[in-house]
Amino acid sequence: MKTINYMMLMLLILLFKITRAQDHPPKGSNIANLKLQKFAGSWISINQKDTIWLKLKVENIKFPGSLELTGDVIIGYIKYLKGKQQIFDNMSKSNLLHSNGASSILAGLNQKGDTITGTLRDQLKNKSLALTLALSKSEKLLSFFFNLH
Numbered sequence: 018m019k020t021i022n023y024m025m026l027m028l029l030i031l032l033f034k035i036t037r038a039q040d041h042p043p044k045g046s047n048i049a050n051l052k053l054q055k056f057a058g059s060w061i062s063i064n065q066k067d068t069i070w071l072k073l074k075v076e077n078i079k080f081p082g083s084l085e086l087t088g089d090v091i092i093g094y095i096k097y098l099k100g101k102q103q104i105f106d107n108m109s110k111s112n113l114l115h116s117n118g119a120s121s122i123l124a125g126l127n128q129k130g131d132t133i134t135g136t137l138r139d140q141l142k143n144k145s146l147a148l149t150l151a152l153s154k155s156e157k158l159l160s161f162f163f164n165l166h
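In my numbering, the protein residues as written are 18 to 166.
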C-alpha cells in the first residue's frame, strides 16, 4: 500500500512539473502523447555478466486526484539476470494493466525530446529508483539510467 501511495504522489509531482507553466487541464481531460509510442517495445542490454530485458508499452491511465484526468504513460516490466542468477522478473505480468499494480516502470509524464523520466520500483524490496529512458537519434538504441530515491 505504501508503494501505491508513493507512486500516486510521484505521478502528482510529475504532473505538476508538466503543467506548472500552464493552466491545469479541465476536469475529465485526457492527456494524449503519441510520441511515447517510439519507446514501446522489447529492449535488451547485455553487459559482461548482467542482462536486463525491458518490455515497455503505452497505456492510458487515470491519474490520482480530484481532476479526474487520464493520460498516456509508459509502463514497463523488467527481467534482470546477474550471471545466470535471476535477480528480478515480472515479465509474466506484462499482459496486465497498470491498475493491477503489476508493472515496475512508470514513465513519460515528463518528456524532453527523446528522453523521458519516471520511476522503477521493486515491490519485493519496497524500493524505488528514479529512471531516465533516452532513445538514440535512430531510435534503435535505448539508454536507461537509475538513481536511488
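Backbone N, C-alpha and C fix where the C-beta goes; we use that ideal spot for every residue, glycine too.
Query raised in the report: Where does K144 fall in DSSP's three states?
Result: On the sequence shown, residue 144 is found 127 positions in, with the first residue counted as 1. Three-state DSSP puts K144 in a strand.
Query raised in the report: Would K72 be called buried (16 or more neighbouring beta carbons within 10 Å of its own) or exposed?
Result: Walking along the sequence shown from the start, residue 72 turns up at place 55. It counts as buried.
Query raised in the report: DSSP beta-bridge partners for Q128?
Result: Numbered from its first residue, the sequence shown carries residue 128 at position 111. Beta-bridge pairing links Q128 to I133.
Report task. Spell out the partners DSSP gives A221 in its beta bridges. Result -> Here the chain comprises residues numbered 18 to 166, so residue 221 is not present and cannot be evaluated.
Query - Span of the beta strand (DSSP E), counted from its first residue to its last, around S111 - result: Working through the sequence shown from its first residue, we reach residue 111 at position 94. Neither: S111 is in no beta strand (DSSP E) and is coded neither H nor E.
**Report entry** Sequence-distant residues of the same chain with beta carbon closer than 6 Å to G125, five excluded per side
**Finding:** Working through the sequence shown from its first residue, we reach residue 125 at position 108. Closer than 6 Å at Cβ, skipping near neighbours: L53, V90, I91 and I133.
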